[in-house]
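A short worksheet on the structure shown next.
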Amino acid sequence: MTTGRYRAGVAPEDTGVPKAALAPSDETFKALLNHGGHPEAEVEKNPCRLRLMAVHAHPDDESSKGAGTMARYVDEGAEVTVVTCTGGERGDILNPRLKDDPEANADLSAVRHREMDRAREILGINQVWLGYVDSGLPEGDPLPALPDGCFALIDPEEAARPLVKLVRELRPHVMLTYDENGGYPHPDHIHSHRISMLAYELAADPSYMPELGEPWAVAKIYYQLLFPPAQMIAYARYMRKHGLDNPFEAQMEYFEGLDQRPITTRVNVSRYLDVRDAALLAHATQVDPDGFFFAVSNEIKREAWPTEDFQLRHSRIGVTLPESDLFEGIRQ
Ligand SMILES: [Zn+2]
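Under the working numbering, the residues of the sequence shown are numbered 135 to 466, in order.
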């Protein structure tokens with residue numbers, strides 16, 4: 135990892151991010167990003183209260199991605215808002231203990247809303263629904279068409295408008311989103327990425343839809359990195375050293391072969407792992423308590439890899455990388 139200082143308005147390309155990774159694939163998105171980037175937009179520094187906005191595709195994504203970071207910033211006095219793009223209506227019941235639960239089978243959407251309410255309380259965050267309809271994860275060969283009216287089929291700029299309005303209203307200093315592949319290739323995750331990048335850009339543009347509110351320049355936007363290979367390798371090393379069985383032994387070759395996205399920012403969440411687990415378990419229909427997320431104990435996580443990890447995707451302020459704080463350069 136190189137350490138360097140970047141000029142305002144310039145994507146941190148010398149973090150080792152391949153140029154191709156910075157080139158947006160979607161044409162609409164590309165055209166909008168190429169229109170200047172508003173590097174002159176004024177960014178608020180030294181605010182009385184720091185504000186973070188995390189954009190997620192479905193209820194439960196906020197608890198499995200970056201929840202420790204959000205709980206930490208809430209604890210430190212920041213205002214943290216999760217924007218949930220869809221209601222998760224097309225999700226499956228992933229907890230084997232609730233497969234036959236009559237309530238969940240009758241109205242999964244209502245159950246997921248209640249689960250989200252509980253997770254919100256546990257994390258101490260604010261949460262807003264954008265109200266789009268879950269696109270579902272298409273499976274099969276060939277893949278079936280996406281259902282009419284679903285989130286991923288809405289034109290990105292149109293779908294981004296309510297988010298632009300929220301960014302202008304809530305005025306976050308930092309935004310979190312997924313990488314251009316969605317973190318994993320669910321159409322709603324990819325679309326969440328697109329509308330987040332557009333909203334980051336368009337909210338700052340005084341010529342874009344003034345009826346959506348006063349322009350607001352978010353200082354930085356990050357990709358959340360879920361289970362970077364280095365994390366899995368660190369767990370494996372720790373367990374080997376201490377004579378423990380690695381529950382992911384069979385998958386280690388896969389993890390070791392994955393490309394590592396550059397980690398620019400590591401936020402220590404060792405004090406918030408239990409809160410994160412509680413929030414995740416609140417999404418009872420979506421999370422198997424005996425599954426992947428809980429296979430490694432928090433004790434091992436604290437020792438081997440106590441951080442949640444992010445890649446700075448764009449900054450309107452000068453930054454020094456690597457960082458250990460999403461608000462570095464913004465806070466007093
Ligand atoms: Zn999701």
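The beta-carbon is built from N, C-alpha and C at its ideal position, and this holds for glycine as well.
Owing to the predicted nature of the structure, the values given are computational and were not obtained by experimental measurement.
Looking at the unbroken beta strand (DSSP E) that takes in Gln445, where does it start and where does it end? First-last of the beta strand (DSSP E) with Gln445: Thr441 to Ser449.
Tell me the DSSP secondary structure of Val308 in three-state form. Secondary structure of Val308 (DSSP, three-state): strand.
Any 3 or more C-beta pairs closer than 8 Å across the stretch 287–304 and the stretch 195–207: They do not touch, by the three-pair rule.
Could you please give the first and the last residue of the uninterrupted alpha helix (DSSP H) stretch that includes His247? That run of the alpha helix (DSSP H) goes Leu242 to Leu257.
Which word fits Gln365, buried or exposed, when buried means at least 16 other C-beta atoms lie within 10 angstroms of its C-beta? Residue burial is scored here from C-beta neighbours: Gln365 has at least 16 other C-beta atoms within 10 angstroms and is therefore classed as buried.
Please give the ranges of any beta strand (DSSP E) in the stretch 310–389, keeping only runs that are unbroken, at least 3 residues long and fully inside the region. Within the stretch 310–389, the complete beta strand (DSSP E) runs of at least 3 residues are 354–359.
Rounded straight-line distance, which links the Cα of Pro281 to that of Thr215: Here the alpha carbons of Pro281 and Thr215 stand approximately 29 Å from one another.
Please determine whether the Cβ atom of Gly222 lies at a distance below 8 Å from any heavy atom of ligand 1. Because some heavy atom of ligand 1 lies under 8 Å away, the Cβ of Gly222 counts as near it: yes.
When you compare only the Cα positions, how much space is there between Val241 and Arg465? In the sequence as presented, Val is not what sits at residue 241; that position holds Asp. Near 43 Å, if we compare the C-alpha coordinates of Arg465 and Asp241.
Among the residues of its own chain, which have a CB less than 6 Å from the CB of Val266, if the five just before and after it don't count? Note that residue 266 corresponds to Tyr in the displayed sequence, not to Val. The residues are Cys219, Thr220 and Phe285.
Just curious, the beta strand (DSSP E) that Gly265 is in, first and last residue? Segment Asn260 to Tyr266, the beta strand (DSSP E) holding Gly265.
Since Met187 sits in a beta bridge, which residues does DSSP pair it with? In the DSSP output, where bridge partners are listed per residue, Met187 has Thr215 and Met309.
CB contact flag (Glu314, Thr398, <9 Å): Pairing Glu314 with Thr398 gives a Cβ-Cβ distance that is not under 9 Å.
Pick from Glu178, Ser326 and Val409: whose alpha carbon is nearest that of Ile259? The option with the nearest alpha carbon to Ile259 is Val409.
Just the Cα atoms here: how many angstroms apart are Pro296 and Pro340? Near 16 Å, if we compare the C-alpha coordinates of Pro340 and Pro296.
Rounded C-alpha distance that separates Val217 from Ala244: Approximately 18 Å, taken between the alpha carbons.
Less than 6 Å between C-beta atoms, sequence neighbours within five positions excluded: which residues of the same chain meet that for Gln373? Here the sequence assigns Met to residue 373, which means Gln is not the residue at that position. In chain order, Asn380 place their CB closer than 6 Å to the CB of Met373, counting only its own chain and leaving out the 5 sequence neighbours on each side.
CB-CB length for Arg185 against Glu213, believed under 8 Å: About 5 Å separates the two Cβ atoms, so the contact holds.
For a test of the three-state rule: what should DSSP assign to Leu392, helix, strand or coil? Leu392 carries a coil assignment under DSSP once its states are collapsed to helix, strand and coil.
What does DSSP give as the partner residues of Arg400 in its beta bridges? Looking at the DSSP assignment, Arg400 forms a beta bridge with Asp443.
Closest by C-alpha distance to Phe361, when choosing among Gln394, Leu378 and Lys299: Per the C-alpha coordinates, the member of Gln394, Leu378 and Lys299 positioned closest to Phe361 is Gln394.
Helix, strand or coil for Glu291 per DSSP? DSSP places Glu291 in helix when its eight states are reduced to three.
Among His376, Glu348, Leu378 and Ala370, which one has its Cα closest to the Cα of Met386? That would be Ala370, whose Cα lies nearest to the Cα of Met386.
Mind checking which residues open and close the alpha helix (DSSP H) that includes Leu407? Per DSSP, the continuous alpha helix (DSSP H) segment holding Leu407 begins and ends at Leu407 to Ala416.
Beta carbon nearer than 5 Å to a non-hydrogen atom of ligand 1: Every residue whose Cβ sits closer than 5 Å to any heavy atom of ligand 1 is listed here in chain order: Ala191, His192 and Asp195.
Rounded to the nearest angstrom, how far is the Cβ of Arg436 from that of Leu407, given a contact under 8 Å? Yes, they are in contact, since the Cβ atoms of Arg436 and Leu407 sit about 7 Å apart, within 8 Å.
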